[in-house]
Structure formats: C-alpha cells, structure tokens
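> One structure is given below, represented as structure tokens, and several questions about it will come after.
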Amino acid sequence: MSGAPVSRRTLLGGAVALTGAAVALGAPWVSAADAAPPRSDPFTLGVASGDPAPDGVVLWTRLAPDPVAADGRGGMGDRPVLVDWEVAEDAAFARVVARGGVVARPEDAHAVHVEVGGLRPRADLFYRFRAGSAISPVGRTRTAPAPGARVERFALAAASCQCRQDGFYTAYAAMVRDDLDLVVFLGDYVYESPATSFFDRDHLPAGEVSTLAGYRLRHGQYRTDPDLQAAHAAFPWAVTLDDHDVENNWAGDVSQRDGEPDADPAMFRRRRADAFRAFWEHMPLRRAQRPSGPAMVAHRRLTFGDLVDVHLLDTRQHRSDQDPAHAHDPTRTMLGAAQRAWLWGGLAGPTARWNVLAQQVFFAPRDLAGGPAVALDEESWDGYAAERDALRGHLLAARTPNPVILTGDVHAHHAADVLADPADPASPRVATELVTTSITSGGDGAARGPGDAALLAANPHLRVLDRRRGYLRSTVTPREWRADFQVVDRVTVRGAPVRTAATVVLPDAPPRT
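So, in structure tokens, the structure goes:
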C-alpha cells in the first residue's frame, strides 16, 4: 500500500477525491464523530462492489437512513459526512489490507464510490463502511486475475430487467448460492413507470419518474430489497443500462413521448442527465463512468487473465432513432462512432480466449411473425442491420476468438447462432448469443407461449426459448463455455423453486478464416 493517513480536516475541506484510495494501515478506523454522521442507521441500501481489476475494485454504498424520503435525499441533511472503509482478507477483519476515509456529499445523494488499488490479483476480500457509530453490512468481493495469467475457471451470471412491482427477486436469492467471479447486469435496473398494484412493491413515487429526485427515490426503493442487496454484497458487478433506466424506448436524444412537452430534445437531455446521475450514484462505477450532464461513458472493458474479456456496450445513448424502413442504411448506428472504433480495436487486438459482448438488445435476426410475412423488432439490432452486418464481418476479419454475445431486454431465455449468412442456416456460426430472461419483468412467465412453435420453426438458429423469469449462469474454462438457463417457477409468490431449464455447451474453437 502507498500513501499517508488522510486528516479529517483535509477530507471535509474537499481536497481528497470522492473515489478514495488506500491509505497506511498503522492506525484503527478514524472517528467520524465530528463529520455530521446520521442519527440512525444510514446503511439501509446495503453495500456493493464492481468493475474488478487485477489490483483493485470499486466499493459502493449510499447513506440513506430514510431511503424512500419523498425528496430523494434519503433522509440526509445538507452536510458532508466522513465515511471510513476497510478491506480485509477475512470476514472478521483481523487481516486488514486497505483502509481509508471518503466524503459522502449531499450533491451526490451521499453516495460513496471508493476505487481501491494496490490489492492482490484474484484475491477474495471483504469490505465494510462506517459513518459515526454505524457500521455497514459486510460485503465480499474478488479482484481479477493478473494480466495474461492462466485461468482455469471463470464463473459469471447475467441478469436484466428487474421491475420491482412485477414480482419478488427470488432469482437473486438463488444466485447468492453460486460461486461467481462476476455478475453482469445488462440494463433496466429500475423502471421509470408509474405504480400498479402488487403487494407492498408498488413503485415510489406513484407517478412516472422524470426528475433527479424521482429517479433517486426509485433507485432507493429498489435498493431496499434484501435479495438484491444480498446479490450485490456477494459478488462484484459490472453494470450497464438500457431504456427503462431513463424512459421506455428512448434512442440517443430522441424521446418516444411524441406530442408531450418533455419530448423536446433539450427537455429530454435534461431528463437523461437526471437519470444518468441517479444511476451513477447507485452503482459501483468508477470515476470514468461519472456522467457529465446527459453524457456518460458507459462502454468499457474488463479482462480476466488469459481466459475472458468482457466488452460492456451501450446501445442506447448513441443510437439513431428507431426507423424500420431504413434498417439497412449504413449511416444508422447502434453504437456511435467513438464506441464502434473502441470496440473494433479491442476485438482486433490481442484478446483473451473468450470474448464477451455484454449488451442490451437482441443481436441475431428474428422473424417474429412465424408465418409467410416477416416481422422484425425495430428496437433490436434488426433495426440497425447494416451496423450489425459490419460487426459480424469484423469478428470474422479480426479472427476474434470465441465471441459470445450476452443480451437482456426481451424477458425470455434464448440461445441463438449468429451465422455468417443469416439467410443460410447451414452457413458457419460466427458467434453465439446467450439471452437472459428478466429477473421479474413481465410477471410470472411460462416455458413457452402459444406462438412459440411457429417462431422456432421460422428461426432455426434459435436453440433455446423459455419465457419464465430467472438469470443466466455461465462457467467458462479454456475448453468450453457452459451456460445454464436458470428459471423461477413463479415470481408473484415468495420463495418459488429455481431450476435449470436448459444447458448449452460451447466448445473452444479456433477463429474462422
């Protein structure tokens, strides 16, 4: 560890960045008694870690003694609060390896993001926070393997779409029993929609959220769920967003609320800025992802030794507006020029054995009609076919090893072959798309719907289809990728059974020429 102890005066004066660093370990925790600690438990939203690197990880919490306060401020006042943090090799904190202090500021909803460095690669670690006399729950995290290190096993879960008022987070209660290195969340962490009526899980505030206070309150309400808190405390997460984190079906600067005042691009950018800010305040994200107004650098890459590269994508912020009549227009984009160049370069350079594109919407073509006519989903990559063809071609030309596309959004499990020629079912497979169903969104599902037989007949490249809720668990080795599609029988009752509905095994394969 490097650095010297940080004084309380320096912290409260704002000279230390909010994303604290490790400090010397000679002293016990610093007292925060004079730093305006809250008078009741401030850790009602739990703890989280994210974006693990070989030498460190992001630690997160937010002080909120009243997490559903109507003003979105969590029951906190206007004063900054000094929060101490510790990282240890054991749950009893007898072997502390890093500690420090960071300021939780009112302008950031008293959220704390600590970027801890100087840790050992692939280390299992425990962390906690303290504000005044209050001590947070203990979280567990794991750093990434050293760059290029031989890795024999990597386990990750993919999840998305967790509308609180559609059901209980039973999938997370099951997930915490897995041995995972990472949880990848693919979007729709919160839903902006108004309240319906489901037990005590109705949305707060009752109306659709569109302001900073509203988004903060909605995030705070979601974060009170004990199963969601347990999943965050058990593993590091890598989080990206989708449409409902801001507004249903938004695209770039375009709102889908035609005819309403907040559909004006300037008004929508203000709404997007508020949604992005609340999203960052509630996620274990780095400084690089902190939004600047309506802009946020959400795409990034996580590397896990020689085995897995995870390319996290943003398919909302830079996309052209939905327009099915011009899906093959090469000027239309899902990724935007800067993100596309970043992704193209990453896929063409030295990579790990398995390359994950973690993104939001269905990539493989789908004929949704299941009959003589063809119906495409304009919100998916079908509406941006020219850029999808370019990406598929780049995977071939760059000889990217073992591309696997992780997708959410559609509230159903799928496995799909991404073919060199989508019109020819016998053409070579370029990549495999693994689509996770929703955690709760859509309520109780079923293994199949009434039109699914026709859908599968019209799309022979679809290998799995299950419309129950759940998550995707993957175990990756140098020899294979094993994907287990976990399903929950029902989400409208607590504690329903969770089971594996299907398993897909992808063998390691040399890049195609």
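According to mature numbering (1 follows the signal peptide of the UniProt record, and there is no 0), the stretch in the sequence shown is residues -32 to -1, 1 to 481, in order. Where is the CB? At the ideal position from N, CA and C, for every residue including glycine.
Could you spell out where the beta strand (DSSP E) holding Thr138 opens and where it closes?
That residue, Thr138, is in no beta strand (DSSP E); its alpha helix (DSSP H) goes Thr138 to Met143.
> Following the continuous alpha helix (DSSP H) through Asp452, name the residue where it begins and the one where it ends.
Note, Asp452: premise wrong, no alpha helix (DSSP H); beta strand (DSSP E) at Glu448 to Val456.
> Helix, strand or coil for Ala159? Go by DSSP, reduced to three states.
Per the sequence shown, the amino acid found at residue 159 is Tyr instead of Ala. Here Tyr159 sits in coil by DSSP.
> Report the three-state DSSP secondary structure of Gly24 (helix, strand or coil).
If DSSP states are grouped into helix, strand and coil, Gly24 belongs with the strands.
> Given a threshold of 16 other Cβ atoms within 10 Å of its Cβ, counted over all protein chains shown, does Gly40 qualify as buried or as exposed?
Classification for Gly40: buried.
> Where do the N-terminal and C-terminal ends of the alpha helix (DSSP H) with Gly313 fall, by residue?
Start and end: Ala305 to Ala316.
> Would you mind sorting Asp282 into buried or exposed? The rule is 16 or more other CB atoms within 10 Å of its CB.
Asp282 comes out buried.
> Checking the sheet assignment: what are the DSSP bridge partners for Ser442?
Answer is Leu124 and Ala451, bridged to Ser442.
> Any heavy atom of the ligand ATP closer than 7 angstroms to the Cβ of Arg184?
Among the components of this structure there are no ligands whatsoever, and the ligand ATP is therefore not found.
> Report, in whole angstroms, the separation of the C-beta atoms of Glu448 and Pro475, which I expect to be a contact under 8 angstroms.
Between Pro475 and Glu448 the Cβ distance is about 5 angstroms, and since that is below 8 angstroms, they are a contact.
> Taking three-plus beta-carbon pairs below 8 angstroms as touching, is the stretch 184 to 196 in contact with the stretch 120 to 128?
No, the stretch 184 to 196 does not touch the stretch 120 to 128.
> Which whole-angstrom value describes the C-beta separation of Ala380 and Asp434, a residue pair presumed to lie in contact below a C-beta threshold of 8 angstroms?
Sure, about 7 angstroms apart at Cβ, within 8 angstroms.
> Taking all protein chains shown into account, do 16 or more other C-beta atoms lie within 10 angstroms of the C-beta of Arg47, making it buried, or fewer, making it exposed?
Under this definition Arg47 is an exposed residue.
> Within 10 Å of its beta-carbon, does Glu120 have 16 or more other beta-carbons around it, so buried, or fewer, so exposed?
That one is exposed.
> So, at 8 angstroms on beta carbons, what are the nonlocal neighbours of Asn216 in its own chain, with the 5 sequence-adjacent residues on each side left out?
Only Glu160, Ser161 and Gln224 meet the Cβ criterion.
> What separation, rounded to the nearest whole angstrom, lies between the Cα atoms of Leu(-15) and Arg321?
Reliability of the predicted coordinates at Leu(-15) is poor, the pLDDT of 32 falling under 50, and no value is obtained from them.
> Straight-line CA distance for Ala32 to Ala16?
Roughly 15 angstroms separates the two Cα atoms.
> Quick one, which of Ala332, Gln307, Gly107 and Ala199 has its alpha-carbon nearest Tyr140's?
Of the candidates Ala332, Gln307, Gly107 and Ala199, the one whose C-alpha sits nearest the C-alpha of Tyr140 is Ala199.
> If you count every other CB in all the chains shown that lies within 10 Å of the CB of Arg239, and 16 or more means buried, which is it?
Arg239 comes out buried.
> So, for Thr111: in the same chain, excluding its five sequence neighbours on each side, which residues have a beta-carbon less than 8 angstroms away from its beta-carbon?
Around Thr111: Pro20, Ala21, Pro22, Asp23, Gly24, Val25, Leu87, Arg88, Pro89, Arg90, Ala91 and Leu93.
> So the candidates are Tyr352, Gly313, Val51 and Tyr439; which of them puts its Cα closest to the Cα of Phe97?
For the residues Tyr352, Gly313, Val51 and Tyr439, the minimum Cα distance to Phe97 belongs to Val51.
> Counting along the chain, where does the beta strand (DSSP E) carrying Asp357 start and finish?
First-last for Asp357: Ala353 to Ala365, but that is the alpha helix (DSSP H), not the beta strand (DSSP E).
> Can you check DSSP and say which residues form a bridge with Leu433?
Beta-bridge pairing links Leu433 to His382.
> Give the secondary structure of residue 507 by DSSP, where H, G and I count as helix, E and B as strand, and everything else as coil.
The structure shown does not extend to residue 507, since the chain is modelled only from -32 to 481, so the question has no answer here.
> Per DSSP, which residues does Gly100 bridge with? Please list them.
Paired residue(s): none; Gly100 is not in a bridge.
> Mapping DSSP to helix, strand and coil, what is Pro396?
The answer is coil: DSSP assigns Pro396 none of H, G, I, E or B.
> Can you grab the Cα-Cα spacing for the pair Leu359 / Leu325, in whole Å?
Each residue's Cα considered, the two are about 11 angstroms apart.
> Closest by CA to Val65, which one among Ala72, Trp53, Ala354 and Val386?
Residue Trp53 is the option with its Cα nearest to Val65.
> Tell me where the alpha helix (DSSP H) around Pro233 begins and ends.
Run containing Pro233: Pro233 to Glu249, per the alpha helix (DSSP H) assignment.
> Can you name, in chain order, every residue of its own chain whose Cβ lies under 6 angstroms from the Cβ of Tyr190, other than the five neighbours on each side?
Closer than 6 angstroms at the Cβ level, and outside the excluded window around Tyr190, lie Arg132 and Val158.
> State the CB to CB distance for the pair Thr29 and Val80, rounded to an integer number of angstroms; the pair is presumed to be in contact (CB under 8 angstroms).
Confirmed, Cβ separation roughly 5 angstroms.
> Is the distance from the Cβ of residue 487 to the Cβ of Ala388 below 8 angstroms?
The first residue shown for the chain is -32 and the last is 481, placing residue 487 beyond what the model contains.
> Under 8 angstroms, with one C-beta from each stretch per pair, do the stretch 435 to 443 and the stretch 139 to 155 reach the 3-pair mark?
As far as the Cβ criterion goes, the stretch 435 to 443 touches the stretch 139 to 155, which means the pair count is three or higher.
> So the beta strand (DSSP E) Arg269 belongs to, where does it begin and stop?
Taken as a continuous stretch (DSSP letters only), the beta strand (DSSP E) holding Arg269 covers Arg268 to Phe272.
> Going by DSSP, what residue range makes up the beta strand (DSSP E) through Pro204?
Element bounds for Pro204: Pro204 to Val207.
> Taking just the CA atoms, how far does Val456 sit from Val214?
For Val214 and Val456, the distance between alpha carbons rounds to 27 angstroms.
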